[in-house]
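Before any comments, here is the structure.
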Amino acid sequence: MEKSMRGFAHKYGKNVDTDVIIPGKYCNIVDPVELGKHALEGLDAEYTARMKPGDIIVADTNFGCGSSREVAPIAIKGSGTAAVIAKSFARIFYRNALNIGLPIFESAEAVDGIDSGDEIEVEPASGTIRNLTKGTSYKAAAFPPFMQSLIEAGGLQPYVEKRLAERAGVS
Amino acid sequence: MGMTLTEKILARHAGLDSVEPGQIINARVDLVLANELSAAVAIGVMRNIKGAHRVFDAEKIALVEDHFVPAKDAQSAKVAKLMKDFAREQNIKHFFDVGRGGIEHVVLPEEGLVAPGELIVGGDSHTCTYGAFGAFATGMGSTDIAAAFVLGEVWLKVPPTIKLVYDGRPGEMVFAKDIMLKTVGVLGIDGATYRALEYHGSTVDELSITGRITMANMAIEAGAKNGIFHADAKTIAFVKERTDRDFLVERSDADARYERVVEIDVGELEPQVACPHTPDNVHPISEVTRERVKVDQVFIGSCTNGYIEDLRIVANILDGKKISPDLRVIVNPGSQKVWMQAAQEGILTTLAAAGCVVNTPGCGACFGGHMGTLGDGERCVSTTNRNYVGRMGSPKAEVYLASPATCAASALTGVITDPRSVDVSVGADTAVAGGKR
């Protein structure tokens with residue numbers, strides 16, 4: 001798992017959908033950096049101009065609802081955003097974020113305790129979220145055991161390679 | 172303890188006697204779907220997987236060119252070609268190029284690629300559409316799809332099921348779209364996150380296959396993993412006309428566990444409209460018409476309402492009339508087959524004569540891709556499934572979601588209009604279609 005990250009918070013509301021994370025017209029782009037230039041464009045056109053690499057998106061419930069477009073977490077990651085902290089995530093976005101290696105954390109208390117501009121530190125291994133500006137600390141919900149094992153294995157790709165190797169061994 | 176239909180399908184595909192909500196399973200898939208956008212990313216991922224040279228079964232993958240087709244620019248042509256080249260390289264049997272297919276979710280059922288009891292995953296969130304046929308179907312991102320291409324299996328968390336029970340006969344000009352908009356309004360856009368929806372009741376028993384497609388299609392709009400109907404004689408007849416593949420029709424057990432039961436009285440329902448900017452901001456038409464909502468564009472089409480039944484309803488309302496001079500009407504038949512059927516029935520001529528433009532099949536306008544993109548300050552009433560900020564183009568545009576009948580009525584007046592207030596010359600046929608749908 002990645003080492004700790006530190007950046008400034010950019011806070012948004014609930015139901016941040018994939019159409020505003022990366023509008024449909026950009027969905028024929030595959031390059032992460034190019035996608036990153038348009039991250040959150042439908043919600044906050046100034047986001048990519050204002051944010052600095054390592055900054056953190058903080059949002060209310062149901063982050064990433066809507067389309068299954070994997071370019072949504074890819075665009076966020078491509079913009080240099082270090083992580084997303086939300087009260088909850090939509091199902092497909094949650095899988096996609098973990099699959100492409102965008103760190104995501106669930107904590108309602110942290111979201112309520114963070115304002116835009118606060119400096120945030122996150123320790124992925126322990127799930128500890130610190131608000132350095134306010135001097136508060138929170139704990140993100142642990143990943144379910146299966147997700148944790150996928151993350152520890154390095155993501156879905158090594159998992160697939162292992163399954164393929166097992167099959168080759170059997171046949 | 173009994174199992175729901177979703178649990179039974181998942182258990183069988185995982186090689187287990189039973190499963191329960193929350194359990195993680197490894198399930199065999201019967202079909203993996205991708206379009207040129209999800210495929211472009213998935214193919215890249217697959218190329219990076221060591222030892223992954225071939226797809227698991229070239230007959231169990233469907234690739235459909237539908238989002239930016241015909242290619243709107245060189246970049247769109249590039250991703251379309253990437254998928255076509257991959258289809259050729261891997262001998263993919265079910266590859267649908269422009270002119271041979273249409274919108275993925277319209278095409279797959281038409282081609283007999285979806286049957287009851289099957290497990291289908293797709294690189295598109297509206298893959299849940301196939302629940303209309305009693306299949307378990309869910310949308311995933313490209314990395315998961317790449318894994319499914321290679322392994323022919325996916326890991327899934329078994330969802331708890333919400334039982335939806337619909338009773339009552341739909342009133343005049345109340346369609347499956349209205350019933351589903353009402354449902355999304357009741358559940359909320361995250362009301363069914365990580366859950367299965369199971370549709371029950373006398374109303375859905377009477378629904379046509381197209382009506383069930385419309386309802387299953389929008390399960391994701393409540394955040395659901397899948398939405399499923401029980402296959403009946405109508406389903407079996409539809410599927411058997413299109414494939415001779417064996418399939419298994421199952422039912423939820425009488426003592427199946429439901430997380431909750433939601434009852435909706437359809438008899439009391441007016442036509443419904445989802446107002447900007449979320450699909451759960453749903454109001455009865457009488458509330459919306461009070462505001463006199465002027466529109467710049469009417470859109471008819473999509474995987475929700477791009478079927479021949481939908482086009483017939485629109486043509487019945489527009490027949491012999493002219494659309495309002497203040498707006499444009501864009502119609503996308505959902506597939507090549509729907510387009511041809513509409514041509515044979517004279518529907519395309521009726522629509523064109525009324526002032527509509529009829530486009531080629533595809534997803535373009537619905538997701539703000541091309542062929543009907545909205546500008547700043549524009550407002551659209553649409554038969555599609557999402558109305559998030561910027562969904563159909565400018566983040567300063569507004570999208571209202573409604574049935575084909577409400578959209579057609581609005582096309583005549585230039586404001587969002589109750590279809591019950593419009594004189595429909597054809598009468599009897601439409602009334603039956605409307606009531607039974």
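First to last, the protein sequences are chains A and B.
Anchor point for the first sequence: position 167 equals 167 in this note's numbering, and the numbering is continuous, going up by one each time.
Anchor point for the second sequence: position 351 equals 522 in this note's numbering, and the numbering is continuous, going up by one each time.
Every residue, glycine too, gets a C-beta built ideally from N, C-alpha and C.
**Message:** Can you check whether the C-beta of B:A255 is within less than 7 Å of a C-beta belonging to chain A?
**Reply:** In the second sequence, counting from the first residue as 1, residue 255 of chain B sits at position 84. Per the sequence shown, residue 255 of chain B should be read as Lys rather than Ala. Not an interface residue.
Requested in this report: Could you pull the start and end residues of the beta strand (DSSP E) that B:E434 belongs to?
Outcome: Position 263 of the second sequence holds residue 434 of chain B. Per DSSP, B:E434 belongs to the beta strand (DSSP E) from R431 to D436.
- request: With DSSP collapsed to three states, give me the class of B:V267.
  value: Here residue 267 of chain B is taken as the residue at index 96 of the second sequence, counted from 1. According to the sequence provided, residue 267 of chain B is Phe. The question's Val does not apply to it. In this structure, B:F267 counts as strand in the three-state DSSP scheme.
- Query: Looking at B:A363 and B:A387, is the spacing between their C-beta atoms short of 7 Å?
  - Reply: Looking up residue 387 of chain B in the second sequence gives position 216. Looking up residue 363 of chain B in the second sequence gives position 192. Not in contact: B:A387 and B:A363 (Cβ atoms no closer than 7 Å).
* To do: Kindly indicate the opening and closing residues of the beta strand (DSSP E) around B:A319.
  => Locating residue 319 of chain B in the second sequence gives position 148, counting from the first residue. Unbroken run through B:A319 is the alpha helix (DSSP H), S313 to L322; no beta strand (DSSP E).
Among A:A125, A:G54, A:V33 and A:L98, which one has its Cα closest to the Cα of A:E119? Looking up residue 119 of chain A in the first sequence gives position 119. The shortest Cα separation from A:E119 among A:A125, A:G54, A:V33 and A:L98 belongs to A:G54.
Within chain B, partners of A:K25 - CB distance below 7 Å: The residue given as residue 25 of chain A occupies position 25 in the first sequence. The contacting residues are G539 and G540.
Residues that B:W326 bridges to, as DSSP identifies them: As a working mapping, residue 326 of chain B is identified with position 155 in the second sequence. According to DSSP, which records beta bridges pairwise, B:W326 is partnered with B:N197.
Helix, strand or coil for B:I220? Go by DSSP, reduced to three states. Here residue 220 of chain B refers to the residue found at position 49 when the second sequence is read from its first residue. It is coil, neither helix nor strand.
Roughly how far, in whole angstroms, is the beta-carbon of B:G273 from the beta-carbon of B:V433, given that I think they are within contact range, below 8 Å? By one-based count along the second sequence, residue 273 of chain B stands at place 102. By one-based count along the second sequence, residue 433 of chain B stands at place 262. The Cβ separation is near 33 Å, so there is no contact.
(Q) Which residue marks the beginning of the beta strand (DSSP E) containing B:V292, and which one marks its end? (A) Counted from its first residue, the second sequence places residue 292 of chain B at position 121. L290 to G293 is the extent of the beta strand (DSSP E) around B:V292.
*Roughly how far, in whole angstroms, is the beta-carbon of A:N15 from the beta-carbon of B:T449, given that I think they are within contact range, below 8 Å?*
Along the first sequence, one-based indexing puts residue 15 of chain A at 15. Along the second sequence, one-based indexing puts residue 449 of chain B at 278. Rounded, the Cβ-Cβ distance is 6 Å, consistent with contact.
| task | Taking only the alpha-carbon atoms, compute the straight-line gap between B:N476 and A:T136 and give it to the nearest angstrom. | result | Here residue 476 of chain B is taken as the residue at index 305 of the second sequence, counted from 1. Here residue 136 of chain A is taken as the residue at index 136 of the first sequence, counted from 1. Each residue's alpha carbon lies about 50 Å from the other.
Which residues DSSP lists as bridging B:T332, in chain order: Counting from 1 along the second sequence, the entry for residue 332 of chain B is found at position 161. DSSP, once it has assigned bridges, lists B:A367 as partnering B:T332.
Practice task
Please compile the residues from chain A whose C-beta is within a distance smaller than 7 Å of the C-beta of B:L204.
Solution key: Start at 1 with the first residue of the second sequence, and residue 204 of chain B comes out as number 33. Near B:L204 there are no residues of chain A at all, since even the closest Cβ is about 11 Å away, more than 7 Å.
Looking at the structure shown, is B:Q261 part of a helix, part of a strand, or coil, going by DSSP? Here residue 261 of chain B is taken as the residue at index 90 of the second sequence, counted from 1. Three-state DSSP puts B:Q261 in coil, outside helix and strand.
Between the CA atoms of B:L204 and B:T521 - distance to the nearest angstrom
Translated into positions along the second sequence, residue 521 of chain B becomes position 350. Translated into positions along the second sequence, residue 204 of chain B becomes position 33. The straight-line gap from Cα to Cα measures roughly 34 Å.
- Contact set between A:V165 and chain B, taken where Cβ atoms lie within less than 8 Å: Position 165 of the first sequence, counted from the first residue, corresponds to residue 165 of chain A. Going by the sequence as given, residue 165 of chain A is Ala instead of Val. Going along chain B in sequence order, the residues near A:A165 (Cβ under 8 Å) are G222.
Problem set entry | Through-space distance from B:F538 to B:G564, alpha-carbon basis | Residue mapping note: residue 564 of chain B aligns to position 393 of the second sequence, counting from 1. Residue mapping note: residue 538 of chain B aligns to position 367 of the second sequence, counting from 1. Approximately 8 Å between the Cα atoms of the pair.
contact_flag[the stretch 361-375 of chain B, the stretch 403-418 of chain B] where n(CB pairs < 8 Å) is 3 or more: no
For A:E121, list the residues DSSP reports as bridge partners.
Working through the first sequence from its first residue, we reach residue 121 of chain A at position 121. Looking at the DSSP assignment, A:E121 forms a beta bridge with A:R6 and A:R130.
Worksheet entry | Integer Cβ distance of B:V437 from B:Y337, believed to fall under 8 Å | Here residue 437 of chain B corresponds to residue number 266 of the second sequence, with the count starting at 1. Here residue 337 of chain B corresponds to residue number 166 of the second sequence, with the count starting at 1. Right, their Cβ atoms sit about 5 Å apart.
Notebook entry, point to check: In the structure shown, what three-state DSSP assignment does A:Y47 receive?
Noted result: Here residue 47 of chain A refers to the residue found at position 47 when the first sequence is read from its first residue. It is helical.
Original post:
alpha helix (DSSP H) containing A:A90: first to last residue?
Top reply: Residue numbering aside, residue 90 of chain A sits at position 90 when the first sequence is read from its first letter. Run containing A:A90: none; DSSP gives neither H nor E here.
Short of 6 Å in beta carbon distance, which residues of its chain neighbour B:A604, apart from the five on each side in sequence? Order them along the chain. Translated into positions along the second sequence, residue 604 of chain B becomes position 433. Reliability of the predicted coordinates at B:A604 is poor, the pLDDT of 39 falling under 50, and the value obtained from them is presented with this limitation in mind. The answer is none, since no qualifying residue turns up.
Contact with chain A by B:T300, beta-carbon distance below 7 Å | Walking along the second sequence from the start, residue 300 of chain B turns up at place 129. Taking Cβ atoms only, chain A never reaches closer than 7 Å to B:T300, which makes this a no.
> Where does the unbroken alpha helix (DSSP H) through B:V560 begin, and where does it stop?
Replying inline: Sequence index remark: in the second sequence, residue 560 of chain B carries index 389 (1-based). Per DSSP, B:V560 belongs to no alpha helix (DSSP H) and is neither H nor E.
| Taking the alpha-carbon positions, what's the A:I174 to B:E516 distance? | There is simply no residue 174 of chain A to check, as chain A begins at 1 and stops at 171 in what is shown.
Helix, strand or coil at B:E191 [DSSP, three-state]
To locate residue 191 of chain B, count along the second sequence from 1; it is residue 20. Coil.
Anything in chain B within Cβ reach of A:A90, meaning under 8 Å, just list it in chain order. The residue you call residue 90 of chain A lines up with position 90 of the first sequence. By Cβ distance, chain B contributes D361, T364 and G394.
If we ignore side chains and look at the alpha-carbon of each, how far apart do B:A525 and B:G193 end up? Here the question's residue 525 of chain B lines up with position 354 in the second sequence. Here the question's residue 193 of chain B lines up with position 22 in the second sequence. Taking the straight line from one Cα to the other gives about 53 Å.
Original post:
How close, in whole Å, do the beta carbons of A:S68 and B:S296 come, if the pair is a contact with beta carbons under 8 Å?
Top reply: Here the question's residue 68 of chain A lines up with position 68 in the first sequence. Here the question's residue 296 of chain B lines up with position 125 in the second sequence. A:S68 to B:S296, Cβ: 4 Å. Contact.
Check whether the Cβ atoms of A:S79 and A:A39 lie closer than 7 Å to each other.
Indexing the first sequence from 1 puts residue 79 of chain A at position 79. Indexing the first sequence from 1 puts residue 39 of chain A at position 39. Yes, these two residues count as a Cβ contact at 7 Å.
Take the Cβ of B:M389 as the centre, count every other Cβ of all protein chains shown within 10 Å, and call the residue buried at 16 or more, exposed below. The residue you call residue 389 of chain B lines up with position 218 of the second sequence. Looking at its Cβ environment, which holds 16 or more other Cβ atoms inside 10 Å, B:M389 is buried.
Using a beta-carbon distance below 7 Å, is B:R562 in contact with chain A?
Counting from one through the second sequence, the residue named residue 562 of chain B turns up at place 391. Judged by the 7 Å Cβ criterion, B:R562 is in contact with chain A.
Of the residues A:P103, A:A90, A:P144 and A:D115, the one placed nearest A:E123, counting alpha carbons only:
Taking the first sequence and counting its residues from 1, the one referred to as residue 123 of chain A is at position 123. Nearest of A:P103, A:A90, A:P144 and A:D115 to A:E123, Cα basis: A:P103.
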